[in-house]
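Only one structure is covered here, and it is reproduced in the block below.
Protein chains: 2
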Amino acid sequence: MATHLFKAFFEADNVLVTQVFGPDKAKLKIFSEKTQTTDSYDNLSEADVYLICVKDDVIEEVASKIPFQHKLIAHTSGSLPLLNPKDHPTSRNGVFYPLQTFSKHTEVDFKSIPICLEADDKHNYQLLKTLAEAISEKNYNISTAQRKSLHLAAVFACNFTNYMYRIGEEICKENHVPFDILHALITETARKATLDSPSKIQTGPAIRDDKKTIETHLNQLENSDFKEIYILLTRKIRLLSSKRKNKEEM
Amino acid sequence: MATHLFKAFFEADNVLVTQVFGPDKAKLKIFSEKTQTTDSYDNLSEADVYLICVKDDVIEEVASKIPFQHKLIAHTSGSLPLLNPKDHPTSRNGVFYPLQTFSKHTEVDFKSIPICLEADDKHNYQLLKTLAEAISEKNYNISTAQRKSLHLAAVFACNFTNYMYRIGEEICKENHVPFDILHALITETARKATLDSPSKIQTGPAIRDDKKTIETHLNQLENSDFKEIYILLTRKIRLLSSKRKNKEEM
Numbered sequence: 000m001a002t003h004l005f006k007a008f009f010e011a012d013n014v015l016v017t018q019v020f021g022p023d024k025a026k027l028k029i030f031s032e033k034t035q036t037t038d039s040y041d042n043l044s045e046a047d048v049y050l051i052c053v054k055d056d057v058i059e060e061v062a063s064k065i066p067f068q069h070k071l072i073a074h075t076s077g078s079l080p081l082l083n084p085k086d087h088p089t090s091r092n093g094v095f096y097p098l099q100t101f102s103k104h105t106e107v108d109f110k111s112i113p114i115c116l117e118a119d120d121k122h123n124y125q126l127l128k129t130l131a132e133a134i135s136e137k138n139y140n141i142s143t144a145q146r147k148s149l150h151l152a153a154v155f156a157c158n159f160t161n162y163m164y165r166i167g168e169e170i171c172k173e174n175h176v177p178f179d180i181l182h183a184l185i186t187e188t189a190r191k192a193t194l195d196s197p198s199k200i201q202t203g204p205a206i207r208d209d210k211k212t213i214e215t216h217l218n219q220l221e222n223s224d225f226k227e228i229y230i231l232l233t234r235k236i237r238l239l240s241s242k243r244k245n246k247e248e249m
Numbered sequence: 000m001a002t003h004l005f006k007a008f009f010e011a012d013n014v015l016v017t018q019v020f021g022p023d024k025a026k027l028k029i030f031s032e033k034t035q036t037t038d039s040y041d042n043l044s045e046a047d048v049y050l051i052c053v054k055d056d057v058i059e060e061v062a063s064k065i066p067f068q069h070k071l072i073a074h075t076s077g078s079l080p081l082l083n084p085k086d087h088p089t090s091r092n093g094v095f096y097p098l099q100t101f102s103k104h105t106e107v108d109f110k111s112i113p114i115c116l117e118a119d120d121k122h123n124y125q126l127l128k129t130l131a132e133a134i135s136e137k138n139y140n141i142s143t144a145q146r147k148s149l150h151l152a153a154v155f156a157c158n159f160t161n162y163m164y165r166i167g168e169e170i171c172k173e174n175h176v177p178f179d180i181l182h183a184l185i186t187e188t189a190r191k192a193t194l195d196s197p198s199k200i201q202t203g204p205a206i207r208d209d210k211k212t213i214e215t216h217l218n219q220l221e222n223s224d225f226k227e228i229y230i231l232l233t234r235k236i237r238l239l240s241s242k243r244k245n246k247e248e249m
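As given, the protein sequences belong to chains A and B, one line each in that order. Going by numbering that gives the first Met the number 0, the first sequence wraps up at 249, each residue one higher than the last. Going by numbering that gives the first Met the number 0, the second sequence wraps up at 249, each residue one higher than the last.
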């Protein structure tokens, strides 16, 4: 996250990245060609905003070590609330949460990434909004409760989805079929979900209640984990289908 | 499927769509401005290839009603084998299976859709390959067994994936968050799966074995169906994670 955010801000016209802090000197190297870096809280520079891009369980600790008062400190966590003002009485608090899946070696186009913002007052919110607008075309005012629900929704839409791809890949491998053949389908399935509500475009044997195909698939599935998942998801999708039918009949 | 295939072939330079057959006159209307149509087997035109784009359980019936001999008949099903030569002694048989999710009202770019081909001899295969190349950049020689496994893999990579999106959408709705915020994540998750193996890029609390986040999510989930799915998929992904650890330790 830090690497991607740095890159986006570095390229933005109206934002100056004064310094990058991190405890591991080796990891600071990639930033050091472009800006100041430090691994010591004592050498932290003064700045308008401090963005904390660390794991959830060390955010509090990092925030409490920033040696300046009345500065805006924003974390980038999907699941944590604003810092508790009781614990951080001399700071101003915000959240700057880009909702995206980041990997170190894949470039991302920040422009299309929605940034969820929250702050303890209007002025601080505006400052975060300015930052967000410098790197992305989309920002949203999102409360902690909403952000937590987005984080949970993202587990389904991203983490579990990737696991579905992984099962597809495994089935291809077992049958000596290149996984590439599924790429177009994966891309199109995602594209459709951004054009229409996924609840309206469910396809496949489960929603059609196509018992014959479902039975064939269950016979094909040798991996018991995949079979268990197929059975559960098919059952849940069929529930939707029968709910829909009941509604239509009413 | 028929509509999309027609459109692609109609626009191709070296393919002539002689006629479209269908039992429902009203549904033939959209084709009738551009080619001959008929709802009667008696009026079927002679052609080099007959493409059957109907549900699996009526393919046999439609094929048996084609009143010409020694013509190449290809179905477009993901799960059925070549027509049985005993039942169709006077026809030549093939499969022309574009692996994609089609919906009536969404345009698709056929060029990127992989077409899985199978035929009862080399000459017939070559004829189907020529057809495939006229509309798509990708075609594969795929046996019935491989095609069946692709069809099953597609249930995970497309149907179940869309269901994951649907759950994400539902969670957003319940929490008054626009589902749009997840669009960039959905698109990027799909893109990453086409750049690297999904087995290598699994992210999220389950693979990290982040018990605290998993517990928070389970407390958030009010819908018992979604909870059951979260629990099962998390358990399965954690199994992968522990298998990986065991391997690394060895």
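Don't be surprised by glycine CBs; every beta carbon is placed ideally from N, CA and C.
*Check whether the Cβ atoms of residue 166 of chain A and residue 155 of chain B sit closer than 9 Å, and answer yes or no.*
Within the first sequence, residue 166 of chain A is the residue found at index 167, counting from 1. Within the second sequence, residue 155 of chain B is the residue found at index 156, counting from 1. Taking 9 Å as the Cβ cut-off, residue 166 of chain A and residue 155 of chain B qualify as a contacting pair.
*Tell me the DSSP bridge mates of residue 115 of chain A?*
The residue you call residue 115 of chain A lines up with position 116 of the first sequence. DSSP, once it has assigned bridges, lists A:96 and A:139 as partnering residue 115 of chain A.
_Interface partners of residue 95 of chain A on chain B, CB under 7 Å_ = Within the first sequence, the letter at position 96 stands for residue 95 of chain A. Chain B residues near residue 95 of chain A: none, gap ~15 Å exceeds 7 Å.
*Can you tell which of B:199, B:200 and B:228 has the C-alpha that lies nearest to the C-alpha of residue 213 of chain B?*
Taking the first residue of the second sequence as position 1, residue 213 of chain B is located at position 214. Checked all of B:199, B:200 and B:228; the closest Cα to residue 213 of chain B is B:228.
_Which of helix, strand or coil DSSP assigns to residue 89 of chain A_ = In the first sequence, residue 89 of chain A corresponds to position 90, counting from 1. Coil at residue 89 of chain A, not helix or strand.
*Is the Cβ-Cβ distance between residue 76 of chain B and residue 96 of chain B less than 9 Å?*
Here residue 76 of chain B corresponds to residue number 77 of the second sequence, with the count starting at 1. Here residue 96 of chain B corresponds to residue number 97 of the second sequence, with the count starting at 1. For residue 76 of chain B and residue 96 of chain B, yes; Cβs fall inside 9 Å.
*By Cβ distance below 6 Å, which residues in the same chain neighbour residue 280 of chain B in space, the five residues on each side in sequence not counted?*
Outside the shown range of chain B (0 to 249) lies residue 280 of chain B, about which nothing can therefore be said.
_Using 8 Å as the cut-off, can you tell me whether the stretch 132–150 of chain B makes contact with the stretch 170–189 of chain B, which would need three or more C-beta pairs spanning the two stretches below that distance?_
no
*Using a Cβ-Cβ distance under 9 Å, would residue 165 of chain A count as near chain B?*
Locating residue 165 of chain A in the first sequence gives position 166, where the first residue counts as 1. Taking Cβ atoms only, chain B reaches closer than 9 Å to residue 165 of chain A, which makes this a yes.
*asked:* Quick check: is the beta carbon of residue 52 of chain A nearer than 9 Å to any beta carbon in chain D?
replied: Absent from the structure: chain D. Protein chains present are A and B.
*the stretch 133–141 of chain A contacting the stretch 107–124 of chain A, beta-carbon criterion three pairs below 8 Å*: yes
*Does the beta carbon of residue 236 of chain A sit closer than 9 Å to a beta carbon anywhere in chain B?*
Locating residue 236 of chain A in the first sequence gives position 237, counting from the first residue. Yes - at least one Cβ of chain B is within 9 Å of the one on residue 236 of chain A.
_Cβ separation of residue 111 of chain A and residue 136 of chain A, assumed to be a contact under 8 Å, to the nearest whole Å_ = For the purposes of this step, residue 111 of chain A is taken as the residue at position 112 of the first sequence. For the purposes of this step, residue 136 of chain A is taken as the residue at position 137 of the first sequence. Confirmed, Cβ separation roughly 7 Å.
*Leaving out five residues on either side along the sequence, give the residues of the same chain with a beta carbon under 6 Å from the beta carbon of residue 26 of chain B.*
For this step, residue 26 of chain B is matched to residue 27 along the second sequence. Answer for residue 26 of chain B: no residue qualifies.
*asked:* Within the continuous beta strand (DSSP E) that includes residue 164 of chain B, where are the two ends?
replied: Along the second sequence, one-based indexing puts residue 164 of chain B at 165. Looking at the DSSP string, residue 164 of chain B is not in any beta strand (DSSP E); the run it does join, the alpha helix (DSSP H), is 160–173.
*Between residue 200 of chain B and the rest of its own chain, which residues show a CB-CB distance below 8 Å, the 5 nearest in sequence each way excluded?*
Against the second sequence, residue 200 of chain B aligns to sequence position 201. Correct list, in chain order: 191 and 192.
*Which value, in whole angstroms, describes the spacing of the CA atoms of residue 164 of chain B and residue 160 of chain A?*
The count along the second sequence starts at 1 and reaches residue 164 of chain B at position 165. The count along the first sequence starts at 1 and reaches residue 160 of chain A at position 161. Approximately 8 Å between the Cα atoms of the pair.
_So within the stretch 169–233 of chain A, which uninterrupted beta strand (DSSP E) runs reach at least 3 residues, ignoring any that extend past its ends?_
none
*CA-CA distance, residue 247 of chain A and residue 79 of chain B?*
Against the first sequence, residue 247 of chain A aligns to sequence position 248. Against the second sequence, residue 79 of chain B aligns to sequence position 80. At residue 247 of chain A, the pLDDT of 48 sits below 50, so the modelled position is not reliable and the matter cannot be decided from this model.
*the stretch 166–183 of chain B: which residues have C-beta closer than 8 Å to a C-beta of chain A, in chain order?*
166, 167, 168, 169, 170, 171, 173, 174, 175, 176, 177, 178, 179, 180, 181, 182 and 183
*Reducing DSSP to helix, strand and coil, say where residue 258 of chain A ends up.*
With chain A running from 0 to 249 in the structure shown, residue 258 of chain A is simply not present.
*Name the DSSP beta bridge partners of residue 73 of chain B, please?*
Within the second sequence, residue 73 of chain B is the residue found at index 74, counting from 1. In DSSP, residue 73 of chain B forms a bridge with B:50 and B:93.
*Tell me whether the beta-carbon of residue 153 of chain A lies closer than 9 Å to the beta-carbon of residue 184 of chain B.*
Along the first sequence, read from residue 1 onward, the residue named residue 153 of chain A stands at position 154. Along the second sequence, read from residue 1 onward, the residue named residue 184 of chain B stands at position 185. Against a cut-off of 9 Å, the Cβ pair of residue 184 of chain B and residue 153 of chain A comes out as a contact.
*If you check the beta carbons only, do residue 52 of chain B and residue 15 of chain B fall under 9 Å apart?*
For the purposes of this step, residue 52 of chain B is taken as the residue at position 53 of the second sequence. For the purposes of this step, residue 15 of chain B is taken as the residue at position 16 of the second sequence. It is not a contact, given that the beta carbons lie outside the stated cut-off.
_Give me, in chain order, the residues of the same chain whose beta-carbon lies closer than 7 Å to that of residue 58 of chain B; leave out the 5 immediate sequence neighbours on both sides._
Within the second sequence, numbered from 1, the residue matching residue 58 of chain B stands at position 59. Once the five neighbours on either side are set aside, the close Cβ partners of residue 58 of chain B are 51, 74, 76 and 79.
_Using only CA atoms, which one of B:236, B:65, B:11 and B:9 lies nearest to residue 20 of chain B?_
On the second sequence, residue 20 of chain B is found 21 positions in, with the first residue counted as 1. Of B:236, B:65, B:11 and B:9, the residue nearest in Cα terms is B:65.
*Between residue 11 of chain B and residue 68 of chain B, what straight-line distance do the alpha-carbon atoms span, to the nearest angstrom?*
One-based indexing of the second sequence puts residue 11 of chain B at position 12. One-based indexing of the second sequence puts residue 68 of chain B at position 69. Spanning the two alpha carbons is a distance of roughly 27 Å.
_Which residues DSSP lists as bridging residue 37 of chain A, in chain order_ = Here the question's residue 37 of chain A lines up with position 38 in the first sequence. Partner(s): A:20.
*Closer than 8 Å at the beta carbon, the chain A residues around residue 57 of chain B*: Indexing the second sequence from 1 puts residue 57 of chain B at position 58. Residues of chain A passing the Cβ test: none, with the nearest at roughly 13 Å.
*Kindly indicate which three-state DSSP category residue 107 of chain A falls into: helix, strand or coil?*
Counted from its first residue, the first sequence places residue 107 of chain A at position 108. The answer is coil: DSSP assigns residue 107 of chain A none of H, G, I, E or B.
*asked:* I'd like to know whether the C-beta of residue 137 of chain A is nearer than 9 Å to at least one C-beta of chain B.
replied: Along the first sequence, read from residue 1 onward, the residue named residue 137 of chain A stands at position 138. Judged by the 9 Å Cβ criterion, residue 137 of chain A is in contact with chain B.
*Kindly say whether residue 75 of chain A, judged by its beta-carbon, lies nearer than 9 Å to any beta-carbon of chain B.*
If you number the first sequence from 1, residue 75 of chain A lands on position 76. No, residue 75 of chain A lies away from the interface with chain B (no Cβ there is under 9 Å from its Cβ).
*C-alpha gap between residue 1 of chain B and residue 186 of chain A, whole angstroms*: Position 2 of the second sequence, counted from the first residue, corresponds to residue 1 of chain B. Position 187 of the first sequence, counted from the first residue, corresponds to residue 186 of chain A. Using only the alpha carbons, I get a separation of about 21 Å.
_For a contact defined as C-beta to C-beta under 9 Å, what are the partners of residue 223 of chain A on chain B?_
By 1-based counting over the first sequence, the position of residue 223 of chain A is 224. Within chain B, no residue comes near residue 223 of chain A; the closest Cβ sits about 10 Å away, beyond 9 Å.
*Could you name the residues of chain B that residue 204 of chain A contacts, counting a contact when the two beta carbons are closer than 8 Å?*
Reading the first sequence from its first residue, position 205 is the one you call residue 204 of chain A. Here the neighbours are 154 and 158.
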